[in-house]
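J.: Residue numbers (this note's numbering), protein chains in the order written: chain A, 1 to 227; chain B, 228 to 454. Here it is, the structure in full.
Number of protein chains: 2
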Amino acid sequence: MNRLMKPGARERETLLNSGLLSALGVESVAAMMEIAVIGSLPARQMLFREGEAADMLHCVLSGYVRVYKLDPDGREADVELYGPGDLIGASVVLDGGRYGATAQAAEPSLIARFDLKRVRDIAARRPDLAMALANALSGQLSRVFASLADDRLHTAPQRVAHYLLTHCPADGRAGSFRLPYQKSLLAGKLGLAPEALSRAFSMLRNHGVSVRGRLVHIGDPDALRRI
Amino acid sequence: MNRLMKPGARERETLLNSGLLSALGVESVAAMMEIAVIGSLPARQMLFREGEAADMLHCVLSGYVRVYKLDPDGREADVELYGPGDLIGASVVLDGGRYGATAQAAEPSLIARFDLKRVRDIAARRPDLAMALANALSGQLSRVFASLADDRLHTAPQRVAHYLLTHCPADGRAGSFRLPYQKSLLAGKLGLAPEALSRAFSMLRNHGVSVRGRLVHIGDPDALRRI
DNA sequence: CTCGTTCATTGATCGAAATCAAATAAGACT
DNA sequence: AGTCTTATTTGATTTCGATCAATGAACGAG
């Protein structure tokens, strides 16, 4: 963690709107703000590693954090990608155990960190915080269920098509948008090798999708849904 | 749900030792016991379906519950398998939304159900319950992360070997044990077609594993680890 | 603007597991 | 025990995506 600091006005703002804090009462927000520490991370820096004693809760303010697990041979499998406002679910280790995965900044990022012990103390007297944690986790659990099922049921072009449909701002209509991060990151998030993502994109060109750099144009959303 | 009833002595016992209730204070336990309803399910009966409004929290007392997602063509992908004492994480929908997956009894089962609205009410005044929920969810999240990574990194024989190692009571030593459920269920849990599981078992025969029905004998745990 | 590095695309090959099909084994119920 | 149903195994084929290798494009630093 490069620079450590108390939250400034800008970070406060993001933090207040984050999934974790947005539903809290004022007193719980104050208690959490009290213990928040902001850190800025350069790209590729680790937040925590699989197996380390878990002592911090993390929340992304800006940038993206990639969470992955390692294989004995060093191969990596991404399990989640967290963006601005997200509580890093893999860092919610409430029983004093160890992190079950590694978290790495995928680009320069601003992260809020909370001492887990203190979070536990606050949550033990403030049900709204405990519920906010449970809420965030239940949402993440169902998202992971969705990607697990997606992995097992759909081909690469189908997963990419689904990603595009759910991330295109013009919901249901033709339109353009910009991928929020590198294609290699997207590939990891979708459980694909970068080559497979590339091939999926080129297959989708026959279905009304055009890609130039990070710019994606969807010509026929219905065709995409039928892939 | 076939028979509905208040918990009897036997069910109370299991419930008290379950992941959800075991860490609660006496008053929270009492409050939860108050609203618990026990139901017995025949094999194959659904507890809830993907997309239904979520109004109940479920906890398995006996038997196994398979949670899966459906594909437009009707294909199924198992995302989790819950056994005795497990809180069904997919039924923890705290924001009043809908179930994100379908839950089906894999064999005749006894299930404790709690009205979600009332659980929310209790948790809103009792931090220990909210924390127990968060705890259960964080544990499940990390287990799902593990299976997602396992899926992406390991071959079928490797996943089966890993399963056997972690489920063999004689931890680390040679020994026998009985699979807790049908092989087709295990296949689903591991994200494999039943045929693939069968082939994985026959491959493992060359590595000191013998299988007869549900009976598995592990001759050389170290060999399994090296698969 | 240009160099140099990282990222993305494309091609060729290979391996793993799904799928289809059929035979065998195991259970459940009379 | 005998029958009927459901599980499991085994074989043949096919598809998908990983991997290896090489080229081409994009981007940041000087």
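Yeah, the Cβ is synthetic: ideal placement off N, Cα and C, and Gly gets one too.
(1) Quick one: which chain B residues come within Cβ less than 8 Å of Ser147 (chain A)?
(2) Along chain B, in chain order, which residues have C-beta atoms closer than 9 Å to that of Ala77 (chain A)?
(3) Apart from the five residues just before and just after Gln385 (chain B), which ones in its own chain have a Cβ nearer than 6 Å to its Cβ?
(4) Within the continuous alpha helix (DSSP H) that includes Gly366 (chain B), where are the two ends?
(5) Mind checking which residues open and close the alpha helix (DSSP H) that includes His434 (chain B)?
(6) Going along the chain, which residues of the stretch 119 to 144 of chain A sit with their C-beta nearer than 7 Å to a C-beta in chain B?
(7) Between the stretch 147 to 161 of chain A and the stretch 300 to 311 of chain B, can you find at least three pairs of beta-carbon atoms closer than 8 Å?
(8) Hey, is Val211 (chain A)'s beta-carbon within less than 7 Å of any beta-carbon in chain B?
(9) Suppose only complete runs of 3+ residues qualify. What are the beta strand (DSSP E) ranges in the stretch 274 to 317 of chain B, listed by chain order?
(10) Could you check how far apart the C-beta atoms of Leu236 (chain A) and Arg225 (chain A) are, in whole angstroms? I think they sit under 8 Å.
(11) In the DSSP assignment, what are the bridge partners of Thr329 (chain B)?
(12) Can you pull the DSSP bridge partners for His444 (chain B)?
(13) Checking contacts by CB at 7 Å: is Asp282 (chain B) closer than that to chain A?
(14) Taking C-beta to C-beta, are Ala43 (chain A) and Glu107 (chain A) nearer than 7 Å?
(15) Is the stretch 257 to 268 of chain B touching the stretch 331 to 349 of chain B, taking contact as three or more C-beta pairs under 8 Å?
(16) Would you be able to state if there are at least three C-beta pairs under 8 Å between the stretch 243 to 258 of chain B and the stretch 358 to 368 of chain B?
(17) Flag Gly74 (chain A) as yes if its beta-carbon sits less than 7 Å from any beta-carbon of chain B, otherwise no.
(18) Identify every residue that forms a DSSP beta bridge with Asp115 (chain A).
(19) Any Cβ of chain A within less than 7 Å of the Cβ of Gly252 (chain B)?
(20) Is Gly266 (chain B) helix, strand or coil by DSSP?
(21) For the stretch 316 to 326 of chain B against the stretch 87 to 97 of chain A, do three or more pairs of beta-carbon atoms, one drawn from each stretch, fall closer than 8 Å, so that the two count as touching?
(22) Assign Pro407 (chain B) to buried or exposed, taking buried as 16 or more other Cβ atoms, counted over all protein chains shown, within 10 Å of its Cβ.
(23) Chain B beta carbons: is any one of them nearer than 7 Å to that of Asp171 (chain A)?
(24) Using the rule of at least 16 other Cβ atoms within 10 Å of the residue's Cβ for burial, across every protein chain shown, is Asn433 (chain B) buried or exposed?
(25) Note down, in chain order, each residue of its chain lying with its Cβ closer than 6 Å to the Cβ of Ile349 (chain B), except the 5 sequence neighbours on either side.
(26) Quick check: is the beta carbon of Leu94 (chain A) nearer than 7 Å to any beta carbon in chain B?
(27) With three or more C-beta pairs closer than 8 Å as the rule, is the stretch 395 to 410 of chain B touching the stretch 279 to 288 of chain B?
(28) Could you round the C-beta distance between Val292 (chain B) and Ser336 (chain B) to whole angstroms and report it? I think they count as a contact, below 8 Å.
(29) Roughly how many whole angstroms lie between the Cα atoms of Leu133 (chain A) and Gly213 (chain A)?
(30) Relative to the alpha-carbon of Glu277 (chain B), which residue among B:Gly446, B:Gly327, B:Ser437, B:Met430 has its alpha-carbon at the smallest distance?
T.: Judging by the given coordinates:
(1) Chain B residues near Ser147 (chain A): Leu375.
(2) Residues of chain B passing the Cβ test: Leu375, Ala376, Asp377, Asp378, Arg379, Leu380.
(3) Contacts found: Ile454.
(4) 354 to 380 is the span of the alpha helix (DSSP H), which, as asked, contains Gly366 (chain B).
(5) Under the DSSP assignment, His434 (chain B) falls outside any alpha helix (DSSP H); it carries neither an H nor an E label.
(6) Those residues of the stretch 119 to 144 of chain A that come within reach of chain B (Cβ to Cβ, closer than 7 Å) are Ala123, Ala124, Arg125, Arg126, Pro127, Ala130, Met131, Leu133, Ala134, Asn135, Leu137, Ser138, Gln140, Leu141, Ser142, Val144.
(7) Between the stretch 300 to 311 of chain B and the stretch 147 to 161 of chain A, the count of Cβ pairs shorter than 8 Å is three or higher; the stretches touch.
(8) Chain B, which has no Cβ nearer than 7 Å to the Cβ of Val211 (chain A), makes this no.
(9) Those beta strand (DSSP E) runs which fall completely within the stretch 274 to 317 of chain B and span 3+ residues are 283 to 289, 292 to 297, 303 to 309.
(10) In the structure as shown, chain A starts at 1 and stops at 227, and residue 236 (chain A) therefore has no counterpart that could be examined.
(11) Answer by DSSP bridge pairing, in chain order: B:Tyr295.
(12) According to DSSP, residue pairing for His444 (chain B) in a beta bridge involves B:Ser403, B:Ser437.
(13) Not one chain A Cβ lies under 7 Å of Asp282 (chain B).
(14) Cβ distance < 7 Å, so Ala43 (chain A) and Glu107 (chain A) count as in contact.
(15) Yes, since at least three Cβ pairs between the stretch 257 to 268 of chain B and the stretch 331 to 349 of chain B fall closer than 8 Å, the two stretches touch.
(16) Result yes; three or more Cβ-Cβ pairs closer than 8 Å.
(17) Residue-level contact by beta carbon fails for Gly74 (chain A) and chain B, as no gap is shorter than 7 Å.
(18) Paired residues: A:Met56.
(19) So no, Gly252 (chain B) is outside the interface.
(20) Strand, per DSSP.
(21) Short answer: they don't touch.
(22) When all chains shown are included, Pro407 (chain B) counts as exposed.
(23) At least 7 Å separates the CB of Asp171 (chain A) from every CB of chain B.
(24) It is exposed - the Cβ of Asn433 (chain B) has fewer than 16 other Cβ atoms within 10 Å.
(25) Correct list, in chain order: Ala258, Leu356.
(26) Yes - at least one Cβ of chain B is within 7 Å of the one on Leu94 (chain A).
(27) No, the stretch 279 to 288 of chain B is not in contact with the stretch 395 to 410 of chain B.
(28) Between Val292 (chain B) and Ser336 (chain B), the beta carbon gap of about 6 Å places them in contact (Cβ cut-off 8 Å).
(29) So the alpha carbons of these two residues sit roughly 37 Å apart.
(30) Residue nearest to Glu277 (chain B) within the set B:Gly446, B:Gly327, B:Ser437, B:Met430 is B:Gly327 (criterion: CA-CA distance).
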